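J.:
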């Protein structure tokens with residue numbers, strides 16, 4: 200079976216990842232270990248202003264089944280059970296949180312050579328249902344998603360879009376926010392050797408006629424250091440430097456300057472990820 204279109208959520212993802220992924224303006228630390236039996240353990244801690252949020256995640260994979268359990272600093276437990284290829288092309292996952300008995304949901308993803316389907320169903324007496332679909336190929340795809348709240352009998356969201364992908368560039372056009380926002384994105388890889396890439400995202404509010412844009416770049420300084428920049432029409436400037444100081448262990452420094460903020464226009468953050 201040939202590779203089919205990506206899920207709807209991946210339309211425009213390459214540009215979005217370059218512009219926003221890994222930017223962090225808090226203090227974050229994570230430590231991950233794994234065993235040959237398929238058990239992975241990750242401890243995380245995030246300091247936001249004067250607050251500290253932590254969590255421990257365990258993940259065990261056996262055959263096609265993965266069990267993921269997260270315990271946060273508030274003693275809340277989130278569990279996700281995922282079965283990959285339960286049927287050909289079908290991926291299912293069931294998740295819930297304790298003590299929130301209304302948090303249970305079922306996710307289904309089905310991939311075909313010409314279309315991709317995904318759905319999320321809340322496991323309550325009056326569930327929220329979300330459906331998404333894309334058709335096309337791995338290069339050109341059209342898609343839409345819709346959400347429905349059966350409690351209020353209202354549509355919570357509907358978005359549509361088109362994406363075109365090649366090995367060295369990708370472009371997308373999305374109609375989001377219930378038809379109120381038009382988003383266009385583009386990303387281009389100029390040099391595969393050092394990963395020199397640029398990306399841009401333009402947003403147009405159909406009601407207010409407001410236009411916004413963000414442009415960014417990514418460049419590998421050497422085999423273990425990545426530098427990213429971004430700039431928006433509001434004057435915000437962002438800078439990210441990520442260094443792999445040992446295999447799979449990263450330290451990421453982020454900074455942002457916003458000229459419109461008088462009291463504290465600059466933000467800084469650091470994230471350390473350790474995988475022995």
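In our numbering, the protein residues as written are 200 to 475. Cβ coordinates follow ideal geometry from the N, Cα and C atoms, glycine included. On a predicted model such as this, the values are computed, not experimentally measured, just so you know.
#1: Run through the DSSP bridge pairs and tell me what residue 423 is partnered with.
#2: Counting pairs of beta carbons, one from the segment 373–383 and one from the segment 357–365, are three or more of them closer than 8 angstroms?
#3: Spatial neighbours of residue 201 within its chain, please: C-beta separation below 6 angstroms, excluding the five flanking residues on both sides.
#4: Using C-beta distances below 6 angstroms, list every residue in its chain close to residue 425, excluding the 5 sequence neighbours before and after it, in chain order.
#5: So for residue 352, helix, strand or coil by DSSP?
#6: What are the residues that DSSP puts in a beta bridge with residue 445?
#7: Which of helix, strand or coil does DSSP assign to residue 246?
#8: Determine the direct distance from the alpha carbon of residue 370 to that of residue 215, and round the result to whole angstroms.
#9: Look at the Cβ atom of residue 192, then the Cβ atom of residue 206, and state whether they are nearer than 7 angstroms.
#10: Taking buried to mean at least 16 other C-beta atoms within 10 Å of its own C-beta, is residue 456 buried or exposed?
#11: Relative to the C-alpha of residue 335, which residue among 348, 364, 353 is closest?
#12: Taking the alpha carbon of residue 235 as the reference point, which residue from 341, 226, 260, 244 has its own alpha carbon closest?
#13: DSSP on residue 263, reduced to helix/strand/coil?
#14: Relative to the C-alpha of residue 402, which residue among 254, 388, 427, 431 is closest?
#15: When we look at the beta-carbon of residue 447 and count the other beta-carbons within 10 Å, is it buried (16 or more) or exposed?
#16: Apart from the five residues just before and just after residue 263, which ones in its own chain have a Cβ nearer than 8 angstroms to its Cβ?
#17: Let's test the definition: count the other Cβ atoms within 10 Å of the Cβ of residue 211 and tell me whether it reaches 16, buried, or not, exposed.
#18: Please return the same chain residues whose Cβ sits closer than 8 angstroms to the Cβ of residue 433, not counting the five positions on each side in sequence.
#19: Kindly indicate which residue of 240, 310, 409, 343 has the alpha-carbon position closest to the one of residue 267.
#20: Can you give, in chain order, each stretch of the beta strand (DSSP E) that sits fully within the segment 205–260 and has at least 3 residues?
#21: Going by DSSP, what residue range makes up the beta strand (DSSP E) through residue 160?
#22: Assign residue 445 to buried or exposed, taking buried as 16 or more other Cβ atoms, counted over all protein chains shown, within 10 Å of its Cβ.
#23: Closest to residue 280 by CA distance: which of 305, 391, 301 is it?
#24: Hey, could you find the ends of the beta strand (DSSP E) residue 336 is sitting in?
#25: To the nearest angstrom, how far is it from the Cα of residue 467 to the Cα of residue 394?
#26: Nearest-angstrom Cα distance between residue 462 and residue 223?
#27: Which residue marks the beginning of the beta strand (DSSP E) containing residue 300, and which one marks its end?
#28: On the DSSP bridge assignment, give the partners of residue 276 in chain order.
T.: A quick look at the data gives this:
#1: DSSP output for residue 423 lists no bridge partner at all.
#2: yes
#3: Low confidence applies to residue 201: its pLDDT is 47, below 50, so where it sits in the model is not reliable enough to give any reading.
#4: 419, 441
#5: coil
#6: 448
#7: strand
#8: 11 angstroms
#9: Outside the shown range of the chain (200 to 475) lies residue 192, about which nothing can therefore be said.
#10: exposed
#11: 364
#12: 260
#13: coil
#14: 431
#15: exposed
#16: 282, 283, 284, 285
#17: buried
#18: 411, 457, 459
#19: 240
#20: 226–233, 238–247
#21: There is simply no residue 160 to check, as the chain begins at 200 and stops at 475 in what is shown.
#22: exposed
#23: 305
#24: Residue 336 -> no beta strand (DSSP E), and no H or E assigned at all.
#25: 25 angstroms
#26: 20 angstroms
#27: Where residue 300 is concerned, there is no enclosing beta strand (DSSP E), given that its DSSP letter is neither H nor E.
#28: 270, 297
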